Structure formats: C-alpha cells, structure tokens
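Chains A and B, in that order, are what the protein sequence lines are. Letter by letter, the first sequence follows residues 218 to 359 of the working numbering. Letter by letter, the second sequence follows residues 34 to 236 of the working numbering.
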Amino acid sequence: MRHALHVLASVGTIAGTLLLAACSSMNILEPAQPVAQRTMLADKRVITDTGLYSRVRILGVNTATGPAGFLKIQVEVENTTLSRQAFTYRVEWFDEQGMIINLPTMTAIPRTLEARETASITATAPTDRAKDFRIKFLEPTN
Amino acid sequence: MKTFQPTPLFCCLIGALLLAGCATPASYVDPSSSRMITSVGKIDVQDFGNAADTMVNSLIDNLINQNKLQSGVPSEPALLAISRITNNTGSQIDTDMLVKKIRVALLRTGKIQTTTTMGLGGPEDPLAADQQKLREFLEDKKGGTRLPDYTLSGKIIEDRARAGSIRQSAFIFQLSLSSKAGIAVWEDEKTIVKQGSTPAVGF
Chain A
218 MRHALHVLAS VGTIAGTLLL AACSSMNILE PAQPVAQRTM LADKRVITDT
268 GLYSRVRILG VNTATGPAGF LKIQVEVENT TLSRQAFTYR VEWFDEQGMI
318 INLPTMTAIP RTLEARETAS ITATAPTDRA KDFRIKFLEP TN
Chain B
34 MKTFQPTPLF CCLIGALLLA GCATPASYVD PSSSRMITSV GKIDVQDFGN
84 AADTMVNSLI DNLINQNKLQ SGVPSEPALL AISRITNNTG SQIDTDMLVK
134 KIRVALLRTG KIQTTTTMGL GGPEDPLAAD QQKLREFLED KKGGTRLPDY
184 TLSGKIIEDR ARAGSIRQSA FIFQLSLSSK AGIAVWEDEK TIVKQGSTPA
234 VGF
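Right under this line is the structure:
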C-alpha cells in the first residue's frame, strides 16, 4: 500500500512538472482606463478552419489614417489555449474600385502566441489609394 | 498444391517499386502562401519578403505617412539611390532579393522613385545613364543631373546558436535612409529567427 502511494506520488509529480513545462503562459499589466481612443471596424468573418479560429481568436480590428492618407490597420488576436500557438497571416489591399493591389512584399507572415497571449497585428497600406483590406489567417504547414 | 512463398529478394523488389510509385510529384507553390519550405541555415525567399514588408511598412508609417518626405523638385516624387547593402551572413546572397521588393513597394506609393543611373559601383542601367548624359549634352543643361534626395544603405547579419540538438539561425536586416546632408532620417531593423533540430547525420 505504501509502495503504491509512493509510486502514485512520483507519477503525479512528474506529470505536474511536464504540464507546467508545456504551459508557457504570461501575466499582463495594462492601464485600467486606456487613454487611446480606438476606431473599431465592423468586420465580416468567413471561418472555414474552425480549429484555427477556436485556438487563435480574432478580437477586433481598428483603423487609422495618417496625415498623408495611408490607411493603417490593427488586428487584435488572442490565443485561447493553454499552449503556444503558431499561425501565419497575409494582408491583401484593395483600391477604391475594389481591385487588389499586388506587391512582391505580399507574403505569409509567421507569428507565434504564447498561452492566453493577446497580440496586435499591424499593417500599413502600400499606397494612399488603398481603401479596403482583407486578412487571411492560415495554419503553418512548415 | 504449392503455396506461393515470397523470397526476401521479391519483397525488396515490391518495396522498391512501391516507394518509387509513392514519390511526391513536382508542383507549383504560390510564393505568398504558407507552404514554402523553411530552412534553418539560410535566408529563404519568404524571409526576404517578410523583411521587406516590415521595412516598407516602417518607412510608410514613420516617414511617408507623416508627410516628412522631402523632394528636391516639389512637383515630383523624392529620388532614391541605392547605396551599399552589406551581406554579413555565411551564405552568398544577392541583396537585390531584399532591395528590389522594397523599391517596387516604394514606387507604388507614388512618393518615391529610384534612380537607375546612379549607384554604388556604377549605374544599374548603363544605357539609361548614357542616354541621360547625351540628353544633357544636347540640351546644354547647366544644372546637371538631379541628385538623389535620399540613399538607402544597410546590412544583413547572421547569428547562429546551438543548444543540444536544436540549432538556431537569426538573420538581422538593418536598413538606413540617409538624406542629402548625410543624416539618417529613417532606420529600422528586422530579426528573423529560425530553429530546427539537427539531423542524425551531417550538419
């Protein structure tokens, strides 16, 4: 009986250590009353990868336009799981007529979020003619 | 009745045929997709795109979008010349894989154009440079060629680390935009870190 309890305690300790090692989460501190005023955008979401969406949740999008008329966007995403999550994203820009603006800098950008981390993804329009955008979130395959 | 007993040689032959049949056929991959191969020991094509995207965003955010860009000719976009981009990595890379992407993106902003007749090591386009000189000679232009308003210079650095079976390569992209007065009016740095486990045999 004592031997069994001893074995159980050892297994429990090892399991607990492994669990703690896998959970690389973080603690966050920020102002209770933020000074910055965000202009949040009503967005449309097309979810085909429910697994990715459940792990990396899009909280919202806010936009700003600089003095020279270039649009800037900020997307807030959250890792809803207790383990590190990797994903890639790609931003596409459209002009006032809805035509896509193609650039050689358009590429899938990798990003990693720690457990329960909230992060902001920012992107600036490549031209002042860009009026619309689309962000694609993808699973990393490599 | 005799039952069929496969010999080891027969089994090897069948196995080899199966493996050959299961080879992945070659296919096209969109360079902006997430299916590109990621290698640890070198800068991949998508890394150049990633770094260029960051640099262009930074340039637009901090200089162009703030109306801080100044052109020598008020009615025309600012003129940019490409200066030294040093490769301090262990691989032989063509720095144009980074610079050309930046140039194209800046041109699309409509605020900056790049000169192809002036650069470190000579003109990028010798024919355009000759045409420019000939035109100035024929028009008896006293003012001379328009000088660049800005020059772009930078460095790509590699740093390697290893911990047990995990190897890490960090590629640091550093760029500066200098004005005619030799002052860096914009600077930024982008670090791309890649990790992978070492193979059982080899590097």
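We put the CB at the ideal spot given by N, CA and C, even for glycine. What you are looking at is a predicted structure, and each value in this text was computed from that prediction instead of being measured.
Relative to B/Ile199, the option among B/Val73, B/Ala84, B/Pro41 and B/Ala56 whose CA is nearest is B/Val73.
When rounded, the separation of the alpha-carbon atoms in A/Thr329 and A/Arg301 is 7 Å. Per DSSP, reduced to three states, the secondary structure at B/Ala114 is strand. Contact of B/Ala85 with chain A by beta-carbon distance below 7 Å involves Thr322. According to DSSP, A/Asp349 shares a beta bridge with A/Phe311.
A direct Cα-Cα distance of roughly 11 Å separates A/Thr267 from A/Leu355.
For A/Leu355, the residues of chain B that pass the 7 Å Cβ criterion are Ser67, in the order they occur in the chain.
Around the beta carbon of B/Leu131, a 10 Å sphere encloses 16 or more other beta carbons of the protein chains shown; the residue is thus reported as buried. Listed as beta-bridge partners of B/Lys223 by DSSP are B/Phe206. For B/Gln99, the secondary structure class from DSSP, reduced to helix, strand or coil, is coil.
Under the DSSP assignment, B/Asp192 falls in the beta strand (DSSP E) whose first and last residues are Tyr183 to Ala196. A/Ile290 is bridged by DSSP to A/Thr280 and A/Ala340. For B/Thr142, the closest alpha carbon among the candidates A/Pro343, A/Phe311 and A/Ile338 is that of A/Pro343. Listed in chain order, the non-local C-beta contacts of B/Asn120 below 7 Å within the same chain comprise Ile126, Thr128 and Ile189, local neighbours out to five positions each way being set aside.
Among the residues of chain A, those whose CB is under 8 Å from the CB of B/Arg141 are Ile318, Leu320, Pro343 and Thr344, following chain order.
Put simply, the CB of B/Val132 is far from chain A, with every gap to its CB atoms at 8 Å or more.
Chain B has no Cβ within less than 8 Å of the Cβ of A/Arg328. Taking the beta carbon of A/Lys348 as reference, no residue of chain B falls within 7 Å; the closest one sits roughly 15 Å away. Under the three-state reduction of DSSP output, A/Tyr306 falls in the strand class. Beta-bridge annotation (DSSP): A/Glu295 is paired with A/Arg274 and A/Thr335.
The CB of B/Val226 never comes closer than 7 Å to any CB in chain A; the least such distance is about 10 Å. Per the C-alpha coordinates, the member of A/Glu334, A/Thr305, A/Gly286 and A/Val278 positioned closest to B/Ser66 is A/Thr305. Put simply, the CB of B/Ala138 is near chain A, with a gap under 8 Å to one of its CB atoms. When the five nearest sequence neighbours on each side are left out, the beta carbons in the same chain lying within less than 6 Å of the beta carbon of B/Lys134 are those of Ala85, in order along the chain.
A direct Cα-Cα distance of roughly 43 Å separates B/Gly155 from B/Thr231. Remark: C-beta atoms of A/Thr322 and B/Val89 approach each other more closely than 8 Å. Distance from the CA atom of B/Phe81 to the CA atom of B/Leu167, rounded to whole angstroms, is 37 Å. Spatial neighbours of B/Ile97 in its own chain (CB-CB distance under 8 Å, excluding positions within 5 residues in sequence) are listed in chain order as Thr142, Lys144 and Ile145. With 16 or more other Cβ atoms inside 10 Å of its own Cβ, A/Ala325 counts as buried.
Close to B/Gln164, with beta-carbon spacing below 9 Å, lies no residue of chain A; the smallest spacing is near 27 Å. By the Cβ neighbour-count rule, B/Lys101 is exposed, with fewer than 16 other Cβ atoms within 10 Å of its own. The three-state secondary structure of B/Gly215, taken from DSSP, is coil. Here B/Met151 is not near B/Pro110, since their CB atoms are 8 Å or more apart.
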